[in-house]
Amino acid sequence: MGELLSPARCAACDERLSKRASFCAVCASQVEIDERAVTLGLGPSTSIEACAGALYGGPLALAIHALKYRRRSDLVGALAPLALRALLRSSSRPELLLPVPLHRGRLVERGYDQAALLAAALSRHARLPWSPSVLERRRATPQQAKLDRQARRANVLGAFAVARSRAVEGRQVALVDDVLTTGATVSECARVLLDAGASRVSVLVLARAELPDELGHGRAREDGARASGSLWAPQAVANDLLLGPR
Ligand SMILES: [Zn+2]
């Protein structure tokens, strides 16, 4: 519950806030809410849907960077509403949330796993179960950020495994991560989950790097059908958490 009480400071510029919100008014005005769902192709006849809370850039990029590289795990509370937004926009109804696994070596280095913290926070917001142990990373991979798309795909091939198939068999699962770029990592995770028997895999991220017509062999599509809210969770809650009560 404590995480819902967002910090009294802006997650991007650290400005003191007079009301409960994730960002100050100036930074919030520069957070570009993502209105699209992205389709990532896994093969000739298989694709998965990926939804983001907002587009990567500006103040949001600063906050996510601080979360990942500057030991600001406390920012998860301020950023999790963006993952909730992604979930509300998604056409899937996941039964289980799975963070994209971090390699143990990197976990030790960083001290925490930001995707797991996000999945846990989203689990509480959406009242969905999550598990950090269903999907595992078998080997460390070089930082994806330094690679081009082709290299990213090769880099993650065989890097993930489903540790407990029974947990995903016949179930809709959602992968949770901070940023979606080319989608190579989540696509590989989705592939092993579908192989393990998951009935559907979707992707929920805080932010999507805008790469029009560039996302693998996937493509972006307008997602008008889901834009008008949801029957099972109030969109207004996500709005208020992100931008502060109106
Ligand atoms: Zn700010």
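Here the sequence shown stands for residues 13 to 258, where the numbers follow the working numbering.
Where a beta carbon is used, it is the ideal one built from N, C-alpha and C, also for glycine.
For ligand 1, any of its heavy atoms closer than 7 Å to the Cβ of residue 33?
-> Distances from the CB of residue 33 to the heavy atoms of ligand 1 are all 7 Å or more.
Which word fits residue 102, buried or exposed, when buried means at least 16 other C-beta atoms lie within 10 angstroms of its C-beta?
-> Burial of residue 102 is indicated by the presence of at least 16 other C-beta atoms within 10 angstroms of its C-beta.
Inter-residue Cα distance where the pair is residue 143 and residue 108 = Rounded to whole angstroms, residue 143 and residue 108 show a C-alpha spacing of 8 Å.
Straight-line CA distance for residue 92 to residue 167?
-> Taking the straight line from one Cα to the other gives about 28 Å.
Label residue 105 either buried or exposed according to how many other C-beta atoms from any shown protein chain fall within 10 Å of its C-beta, with 16 as the threshold for buried.
-> With fewer than 16 neighbouring CB atoms inside 10 Å of its own CB, residue 105 falls in the exposed class.
For the beta strand (DSSP E) that residue 51 lies in, which residues bound it at each end?
-> Residue 51 -> beta strand (DSSP E) spans 48–53.
Kindly examine ligand 1 and report whether one of its heavy atoms sits closer than 7 Å to the Cβ of residue 27.
-> Residue 27 has its Cβ nearer than 7 Å to a heavy atom of ligand 1.
Any contact of the stretch 197–211 with the stretch 174–181, i.e. 3+ C-beta pairs under 8 Å?
-> Yes: at least three Cβ pairs fall under 8 Å.
In chain order, what residues of the same chain lie with their CB nearer than 6 Å to the CB of residue 113, ignoring the 5 residues before and after it?
-> For residue 113, where only same-chain residues beyond five positions count, the Cβ hits under 6 Å are 147, 148 and 149.
Span separating the alpha-carbon of residue 164 from that of residue 38 | Cα to Cα, residue 164 sits roughly 35 Å from residue 38.
Would you check if the distance between the CB atom of residue 220 and the CB atom of residue 192 is smaller than 8 Å?
-> A Cβ-Cβ contact shorter than 8 Å links residue 220 with residue 192.
Under 8 Å, do residue 218 and residue 78 count as touching if we go by C-beta distance?
-> For residue 218 and residue 78, no; Cβs fall outside 8 Å.
Residue 109, enclosing alpha helix (DSSP H) - first and last residue = Element bounds for residue 109: not the alpha helix (DSSP H) but the beta strand (DSSP E), 108–111.
So is residue 88 buried or exposed if we call it buried at 16+ other beta carbons inside 10 Å?
-> Result: buried.
Could you name the residues that DSSP lists as bridge partners for residue 62?
-> Residue 62 has 50 and 215 as its beta-bridge partners, per DSSP.
Buried or exposed (CB count within 10 angstroms, at least 16 for buried), residue 228 = Since pLDDT at residue 228 reaches only 43, below the 50 mark, its modelled position is unreliable, and no value is offered.
Fully enclosed by the stretch 169–204, which beta strand (DSSP E) runs are 3 residues long or longer?
-> 172–174 and 184–192, all fully within the stretch 169–204.
Does any heavy atom of ligand 1 sit closer than 7 Å to the C-beta of residue 38?
-> Checking the Cβ of residue 38 against ligand 1 gives yes.
When the Cα of residue 94 is compared with those of 190, 175, 27 and 172, which residue comes out closest?
-> For residue 94, the nearest C-alpha among the options comes from 190.
Pick out whichever of 215, 203, 36 and 222 has its Cα sitting closest to the Cα of residue 56.
-> Each of 215, 203, 36 and 222 was checked against the Cα of residue 56, and the nearest Cα belongs to 203.
For residue 173, which option in 73, 145 and 54 has the closest C-alpha, if you only look at C-alpha atoms?
-> Between residue 173 and the set 73, 145 and 54, the nearest pair of CA atoms involves 145.
Answer yes or no: do residue 43 and residue 72 have a C-beta to C-beta separation smaller than 8 Å?
-> Contact annotation: residue 43 and residue 72 have beta-carbon atoms nearer than 8 Å.
If you drop the 5 nearest sequence neighbours on each side, which residues of the same chain put their C-beta closer than 7 Å to that of residue 117?
-> Only 152 meet the Cβ criterion.
Just to confirm, does residue 24 get its C-beta within under 7 Å of one of the non-hydrogen atoms of ligand 1?
-> Closer than 7 Å to some heavy atom of ligand 1: that describes the Cβ of residue 24.
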